[in-house]
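**Student:**
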Amino acid sequence: MLHTSSFLYQLHCRFGSLTLPPHSSCMSYNTTAGSWSCKQLQSRLGSLRSCRSEFRVMCRQVLDSIKTCHVQEVDKNGDSGESNLFLHVQTLRNFPIEKIYGEVVIVRFDSTLVLEALDSNNFSLDKSLFTIKYLFNAGAKVLLVSNWGRPHDPMLLSVESLADRLSSLLQVKVVPANDGSGLMQSKMNKWENVDILLLDNLTMFREEVANCSKFSEKLSSGATIFVNDAFSLSHKILASTVGVTRFCHASVAGFNFEEELLQLKNISKTTRQPYVAIIGGSNFLEKANALHLLASKCDGLYFFGKLAFQVMNALGLSVPGCFVEQDAVGEALKLIQHAHCRKIPIYFPNDFWCINNSKQDPLEIFPSGSILTGWTPIDLGPVSLKELSSLLSICKKILLIGSIKFDSVKDTVGASKLALMLQGISMTGCDVTVVGNAACKAVAGTSCSVSQYKMFNNASVVWEFLKGRILPGVAALDRAYPHDLDWNIAFTDPSQPLIIDIGSGNGLFLLKMARRCQNYNFLGLEINKKLVRHCLNNVVQSNIKNGYFISTNATSTFRPIVSSYPGDPVLVTVQCPNPDFNREEHRWRMVQRTLIEAIIDLLITNGKFMTLQVFLQSDIEAVATRMKEQFIMYAKGRLLVDGDENMGWLEENPFGIRSDWEQHVIDRGAPMFRIMLRKVR
1 MLHTSSFLYQ
11 LHCRFGSLTL
21 PPHSSCMSYN
31 TTAGSWSCKQ
41 LQSRLGSLRS
51 CRSEFRVMCR
61 QVLDSIKTCH
71 VQEVDKNGDS
81 GESNLFLHVQ
91 TLRNFPIEKI
101 YGEVVIVRFD
111 STLVLEALDS
121 NNFSLDKSLF
131 TIKYLFNAGA
141 KVLLVSNWGR
151 PHDPMLLSVE
161 SLADRLSSLL
171 QVKVVPANDG
181 SGLMQSKMNK
191 WENVDILLLD
201 NLTMFREEVA
211 NCSKFSEKLS
221 SGATIFVNDA
231 FSLSHKILAS
241 TVGVTRFCHA
251 SVAGFNFEEE
261 LLQLKNISKT
271 TRQPYVAIIG
281 GSNFLEKANA
291 LHLLASKCDG
301 LYFFGKLAFQ
311 VMNALGLSVP
321 GCFVEQDAVG
331 EALKLIQHAH
341 CRKIPIYFPN
351 DFWCINNSKQ
361 DPLEIFPSGS
371 ILTGWTPIDL
381 GPVSLKELSS
391 LLSICKKILL
401 IGSIKFDSVK
411 DTVGASKLAL
421 MLQGISMTGC
431 DVTVVGNAAC
441 KAVAGTSCSV
451 SQYKMFNNAS
461 VVWEFLKGRI
471 LPGVAALDRA
481 YPHDLDWNIA
491 FTDPSQPLII
501 DIGSGNGLFL
511 LKMARRCQNY
521 NFLGLEINKK
531 LVRHCLNNVV
541 QSNIKNGYFI
551 STNATSTFRP
561 IVSSYPGDPV
571 LVTVQCPNPD
581 FNREEHRWRM
591 VQRTLIEAII
601 DLLITNGKFM
611 TLQVFLQSDI
621 EAVATRMKEQ
631 FIMYAKGRLL
641 VDGDENMGWL
651 EENPFGIRSD
661 WEQHVIDRGA
671 PMFRIMLRKV
681 R
């Protein structure tokens with residue numbers, strides 16, 4: 001437990017003049033963790049009530065590590081750089097609007113925003129509705145899917161009623177697909193006179209939760225673009241959020257999804273300080289990694305509810321046995337150690353309102369370390385609320401996550417007063433994020449509008465993010481390139497024509513081309529990070545000024561990467577995609593419609609490089625033929641085969657330079673299947 005005034009003094013030193021409240025004197029055991037020495041902390045924790053030998057051994061191990069403590073924000077504390085890469089996704093905002101016209105777009109929306117809006121000015125609802133309107137106005141046929149209610153609820157809202165509600169909000173007719181014939185039957189026949197169609201309630205289909213592949217295919221049948229606007233389900237693997245992405249050529253985030261994803265990223269940013277997290281709820285062990293991340297980012301942690309008792313128990317304070325998670329002591333000690341190393345305070349309530357378990361006596365106030373047997377805490381005490389108010393008054397950023405009331409009561413004065421504190425603080429410009437259904441309802445109940453808060457009703461999504469785990473609903477969307485490219489660093493002269501090799505592998509082909517053709521720049525796009533690092537090392541060692549490699553999935557990032565290049569892209573090569581004979585089916589998935597359309601859109605007409613702008617080759621005829629057919633089909637008349645002999649297949653490599661896999665195939669006497677395509681007006 002950390003002294004409020006001591007914490008404010010630390011903030012005073014770091015952030016300038018602050019008004020300090022009077023010293024709290026109600027708890028004699030209050031201590032400032034930021035000033036604890038290892039010896040003091042060891043002495044403090046040595047007074048733990050538990051006498052189990054294994055517990056004492058564990059304590060010594062934790063305390064010994066403090067002597068050489070070095071705080072690192074690493075994966076085990078939930079700050080995984082790998083998982084953060086999945087947060088960069090393609091969005092509807094950046095998707096070419098001309099590609100939407102005439103397409104069937106399946107939209108996974110969040111029905112709770114429509115049915116349980118907190119107020120008429122709900123920002124998330126507005127964003128979600130805007131996604132649907134945007135697609136409708138762009139000329140798309142919109143297929144809406146969602147779930148609501150419970151399967152056997154007699155009061156379950158019908159699809160017709162939800163369609164009427166959506167029609168009222170959108171001011172556009174939404175037609176329900178429920179005609180008694182099931183989810184998918186005859187749905188495509190309805191498109192003749194309908195622009196927005198609402199499918200049956202997904203709650204009624206077990207295949208949704210099972211992420212059934214056949215169900216996903218039926219659900220998305222006829223659709224070419226998938227838009228996910230149900231961010232609250234990102235932590236789940238569902239047919240309507242993950243499975244359908246396999247059957248749509250583009251999968252992007254809707255406007256509401258994009259906004260909530262940005263808000264999620266903001267939780268881990270420390271640009272506004274002091275930043276304090278108020279953490280409620282229970283299950284300390286399950287949330288340990290997330291708590292470590294918050295300890296790495298925040299300037300202070302305030303625990304209440306059952307989580308507070310785990311910290312108190314680890315420090316040897318008297319705690320009601322019913323609130324103790326016996327297996328959480330070790331993790332609580334590690335968190336205390338982490339906070340000590342960063343010199344940030346950890347808070348828990350000073351006092352509680354308690355109720356007698358056996359009598360109907362009036363409530364009484366007990367100091368948090370002196371709760372009598374037979375009494376149960378049900379609410380924050382007056383001293384705790386006063387100190388919490390003083391703490392929050394000087395914060396520039398606040399995260400409230402978890403339930404702000406005890407399990408034994410429905411409503412508490414403390415929850416209401418905390419909500420009022422946040423309302424007043426948010427009006428001063430403080431960045432307030434509220435996470436969890438109970439917390440959101442408490443805040444909404446005391447506020448005339450929730451628009452001043454960043455709110456996540458589903459706490460599970462945020463907890464999973466804080467734990468460093470990948471969110472399936474986010475990871476299923478097309479990737480966006482997460483970095484800004486400085487082409488002046490990549491190339492000496494970024495105005496030169498650009499040649500791109502997709503799936504550049506070890507880069508030998510591109511590096512040889514770069515040495516031979518100094519008047520062109522060469523860019524390799526390769527998904528394998530190790531190969532890219534190897535290629536970049538070769539670029540430096542060979543002093544090549546016109547060659548560069550990027551680690552990325554070109555299927556979804558080709559457009560944003562190449563469109564930012566200041567010169568003209570004139571040639572794209574796709575050679576021997578995925579030469580893995582054990583997983584041959586993956587060859588068929590490399591060249592997809594999204595990539596082909598991006599290549600065709602960005603290549604200049606009548607390129608100067610031999611006027612040959614797309615080069616395809618594979619050692620498997622079926623794969624080469626498939627690539628050729630796909631490019632011609634999706635080019636819609638903008639690509640022609642260069643040469644009519646032998647159906648356009650080339651006997652020799654036109655560049656005079658072979659890739660390493662091509663050379664391997666030739667050496668074993670096997671054929672290569674090559675073709676050149678050129679863009680026309």
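Each residue of the sequence shown is one higher than the one before, counting from 1 in UniProt numbering. Backbone N, C-alpha and C fix where the C-beta goes; we use that ideal spot for every residue, glycine too. Nothing here was measured: the structure is a model prediction, and the numbers come from that model.
(1) Would you mind working out which of Phe226, Tyr634, Leu418 sits nearest Val107, comparing C-alpha positions?
(2) Here's a check: name, in chain order, each residue in its chain whose Cβ is nearer than 8 Å to the Cβ of Pro566, leaving out the five neighbours to either side.
(3) Between Thr555 and Leu595, how many whole angstroms is the CB-CB distance? I'm expecting something under 8 Å.
(4) Figure out for me which residue from Ile237, Ser161, Ser221 has the closest Cα to the Cα of Ile470.
(5) Taking C-alpha atoms, which residue in Asp642, Leu400, Met633 lies nearest to Gln613?
(6) May I have a chain-ordered list of the alpha helix (DSSP H) segments no shorter than 4 residues that lie completely inside the segment 475-560?
(7) Residue 690 by DSSP, collapsed to three states: which one?
(8) Beta strand (DSSP E) containing Lys679: first to last residue?
(9) Within the continuous alpha helix (DSSP H) that includes Pro382, where are the two ends?
(10) Exposed or buried, what is Cys440 when buried is set at 16 or more other beta-carbons lying within 10 Å of its beta-carbon?
(11) Would you call the CB atoms of Cys395 and Cys354 closer than 8 Å?
(12) Please report the residue range of the alpha helix (DSSP H) in which Arg593 lies.
(13) Please name the residue or residues paired with Lys454 in a DSSP beta bridge.
(14) Going by other Cβ atoms of all chains shown within 10 Å of its Cβ, with 16 needed for buried, is Ser232 buried or exposed?
(15) Given a cut-off of 8 Å on the beta-carbon distance, is the pair Phe348 and Met312 in contact?
(16) What three-state label does DSSP hand Arg127 in the structure shown?
(17) Can you find the residues in the same chain that come closer than 8 Å, C-beta to C-beta, to Ile378, ignoring five residues on each side of it along the sequence?
(18) Determine the extent of the beta strand (DSSP E) in which Arg165 is found, giving its start and end residues.
(19) If contact is defined by three or more beta carbon pairs under 8 Å, each pair taking one atom from either stretch, is the segment 295-305 in contact with the segment 495-504?
(20) In three-state terms, what does DSSP make of Ala277?
(21) Taking 8 Å as the limit between beta carbons, can you name the residues of its chain near Cys248, skipping five residues before and five after?
(22) Among Glu621, Glu103, Gln541, which residue has its Cα nearest to the Cα of Leu511?
(23) Go through its chain and collect everything with a Cβ distance to Thr241's Cβ below 7 Å, but skip five positions before and after it.
(24) Reducing DSSP to helix, strand and coil, say where Ile100 ends up.
(25) Just to confirm my understanding: we take Lys417, look at its own chain, exclude 5 residues before and 5 after, and list those with CB closer than 6 Å. What are they?
(26) Quick one: measure Cβ to Cβ for Met627 and Val591, integer angstroms, because I've assumed they're closer than 8 Å.
(27) Might you give, ordered along the chain, the residues of its own chain that have their beta carbon closer than 7 Å to the beta carbon of Leu129, omitting 5 neighbours on each side?
(28) Measuring CA to CA, which of Trp375, Phe366, Val562, Ser370 is closest to Lys359?
(29) Alpha carbon to alpha carbon, what distance is there between Phe323 and Asn537?
(30) Between Gln310 and Glu325, is the Cβ-Cβ spacing less than 8 Å?
(31) Unbroken beta strand (DSSP E) runs of length 3 or more, entirely within the segment 184-233: which are they?
(32) Inspect the beta-carbon positions of Trp148 and Leu162 and report whether they are closer than 8 Å.
(33) Could you tell me how far apart the beta carbons of Leu307 and Phe284 are, in whole angstroms, since I believe they sit closer than 8 Å?
(34) Quick one: grab the DSSP three-state call for Thr270.
(35) Quick check: the Cα distance between Cys341 and Leu317, rounded to an integer number of angstroms?
(36) Does the Cβ-Cβ distance between Leu399 and Ala288 come in under 8 Å?
**Tutor:** Here's the rundown:
(1) Phe226
(2) Trp487, Pro494, Ser495
(3) 5 Å
(4) Ile237
(5) Asp642
(6) 487-490, 508-516, 529-541
(7) Look at the range of the chain in this structure, 1 to 681, and you will see that residue 690 is not part of it.
(8) 673-679
(9) 382-392
(10) buried
(11) Judged by their CB atoms, Cys395 and Cys354 are not nearer to each other than the 8 Å cut-off.
(12) 593-602
(13) Thr433
(14) buried
(15) Judged by their CB atoms, Phe348 and Met312 are nearer to each other than the 8 Å cut-off.
(16) Rather than Arg, the amino acid found at residue 127 in this sequence is Lys. Lys127: helix per DSSP, three-state reduction.
(17) Phe352, Trp353, Cys354, Ile355, Leu363, Phe406, Ser408, Val409, Thr412
(18) Run containing Arg165: none in the beta strand (DSSP E); it sits in the alpha helix (DSSP H), 159-170.
(19) no
(20) strand
(21) Ile106, Ser220, Ala223, Thr224, Ile225, Phe226
(22) Gln541
(23) Arg108, Asn228, Ala230, Leu233, Gly473, Ala476
(24) Under the three-state reduction of DSSP, Ile100 is assigned to coil, being neither helix nor strand.
(25) Leu385
(26) Correct: roughly 5 Å between the Cβ atoms.
(27) Leu169, Leu170
(28) The shortest C-alpha separation from Lys359 is found at Trp375.
(29) Here the alpha carbon of Asn537 sits roughly 56 Å from the alpha carbon of Phe323.
(30) In contact: Gln310 and Glu325 (Cβ atoms closer than 8 Å).
(31) 196-198, 225-229
(32) yes
(33) Sure, about 6 Å apart at Cβ, within 8 Å.
(34) Thr270 falls in the coil class under three-state DSSP.
(35) 22 Å
(36) no
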